[in-house]
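**Student:**
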DNA sequence: TATTGTTATACTCTATAACTATA
DNA sequence: TATAGTTATAGAGTATAACAATA
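Protein chains in written order, with our numbering: chain U, 1 to 148; chain R, 1 to 148.
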């Protein structure tokens, strides 16, 4: 029985509301489990983006993080001072530079992820098999929703 | 077959990682759908807490929002200036005051939720019946995880 | 004397505008 | 002349310390 496409819009609206609240609430809890309070959210986010996308110029990184270039200049400077990223010359354009996480930067990101995963994994142990199965399927669907 | 409780811990760690990433990513998208850019995140969050928990004193509200009392003084002052909340005298202690959202404040919160729900509901229409069923069950599980 | 809330002041983060170096 | 990045400066938002009013 595939009634979902025929259901009144109200049903999806209620699901949207429930889902939004539970997702936002869990996200707040996960956010609170940050590793290193010495690095700000913006600094960690910029470093994580470099780790995901590979080397970027400051301008590209600013665009990705939706901040203005001067703001990224400061974020990059602080990460560089902490030796969490490295700058290398752009191969063809001497105005530009390429940024990448250093070994220490990668280690910090890995530790950050590890701690958050550990917090969540610990709570997953309180769930039964059926609930875990639901989450396994839901993770993929949530990912698609976010990317849409 | 209920193998989940017997599975090696690594399996839950992988699920934790996948789930964390998808939840955080969706939360970012939902956050970006804010209604009213004239009110900051902190202001909106404080107002929403008053709406959920009923009248609170400034001190209680500061504790809920994890900010210091002087910071809450400023947030409350701005909400009051915008006529989004009201202050009433505490019934027994003249040092304290009770804060509650005004009618306009409730309307603003409702509009904010409506817009976010609409964004998500629109995307839910792209899913099939099985995926919607998974999300219906997952919403409850996620809620429990967040509250744990 | 302790507690609630506010005022005074400083720090962090981000923005816009102006500047330097390179294309 | 246009573009990449930085420096100078200003505006939010939050914190700590000091203060006023009430318990």
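Glycine is no exception: its CB is placed at the ideal position from the N, C-alpha and C atoms.
Quick check on residue 39 of chain U - is its C-beta less than 8 Å from some C-beta in chain R?
**Tutor:** Here residue 39 of chain U is taken as the residue at index 39 of the first chain, counted from 1. Cβ-Cβ to chain R under 8 Å: no for residue 39 of chain U.
**Student:** Counting contacts by CB-CB distance shorter than 8 Å, is residue 138 of chain R in contact with chain U?
**Tutor:** Locating residue 138 of chain R in the second chain gives position 138, where the first residue counts as 1. Cβ-Cβ to chain U under 8 Å: yes for residue 138 of chain R.
**Student:** Measure from the alpha carbon of residue 102 of chain R to the alpha carbon of each residue in R:137, R:86, R:74, then state which is nearest.
**Tutor:** Translated into positions along the second chain, residue 102 of chain R becomes position 102. For residue 102 of chain R, the nearest C-alpha among the options comes from R:86.
**Student:** Since I believe residue 135 of chain U is in contact with residue 19 of chain R (beta carbons under 8 Å), could you give me their beta-carbon distance rounded to a whole number of angstroms?
**Tutor:** Start at 1 with the first residue of the second chain, and residue 19 of chain R comes out as number 19. Start at 1 with the first residue of the first chain, and residue 135 of chain U comes out as number 135. Indeed, because the Cβ distance is near 6 Å, the residues count as touching under 8 Å.
**Student:** Among U:13, U:99, U:27, which one has its Cα closest to the Cα of residue 116 of chain U?
**Tutor:** Residue 116 of chain U sits at position 116 when you count from the first residue of the first chain. Nearest option by C-alpha distance: U:27.
**Student:** Just tell me which of R:42, R:66, R:56 has its CA closest to the CA of residue 32 of chain U.
**Tutor:** Residue 32 of chain U sits at position 32 when you count from the first residue of the first chain. Measuring from the Cα of residue 32 of chain U, the nearest candidate turns out to be R:66.
**Student:** Less than 8 Å between C-beta atoms, sequence neighbours within five positions excluded: which residues of the same chain meet that for residue 49 of chain U?
**Tutor:** Against the first chain, residue 49 of chain U aligns to sequence position 49. Answer for residue 49 of chain U: 56, 61, 64, 65, listed in chain order.
**Student:** Please decide whether residue 42 of chain R counts as near chain U, where near means a Cβ-Cβ distance under 8 Å.
**Tutor:** Locating residue 42 of chain R in the second chain gives position 42, counting from the first residue. It does not: the Cβ of residue 42 of chain R has no partner Cβ on chain U nearer than 8 Å.
**Student:** Could you tell me whether the Cβ of residue 62 of chain U comes closer than 8 Å to any Cβ of chain R?
**Tutor:** The sequence position of residue 62 of chain U within the first chain is 62, counting from 1. By this cut-off, residue 62 of chain U is not an interface position.
**Student:** To the nearest angstrom, report how far apart residue 12 of chain U and residue 42 of chain R are at their CA atoms.
**Tutor:** Counting from 1 along the first chain, the entry for residue 12 of chain U is found at position 12. Counting from 1 along the second chain, the entry for residue 42 of chain R is found at position 42. Approximately 29 Å between the Cα atoms of the pair.
**Student:** CB residue 70 of chain R to CB residue 99 of chain R, shorter than 8 Å?
**Tutor:** Position 70 of the second chain holds residue 70 of chain R. Position 99 of the second chain holds residue 99 of chain R. The answer is no: Cβ separation not under 8 Å.
**Student:** Would you identify the three-state DSSP class for residue 97 of chain U, choosing helix, strand or coil?
**Tutor:** As a working note, residue 97 of chain U is residue 97 in the first chain. Three-state DSSP puts residue 97 of chain U in a strand.
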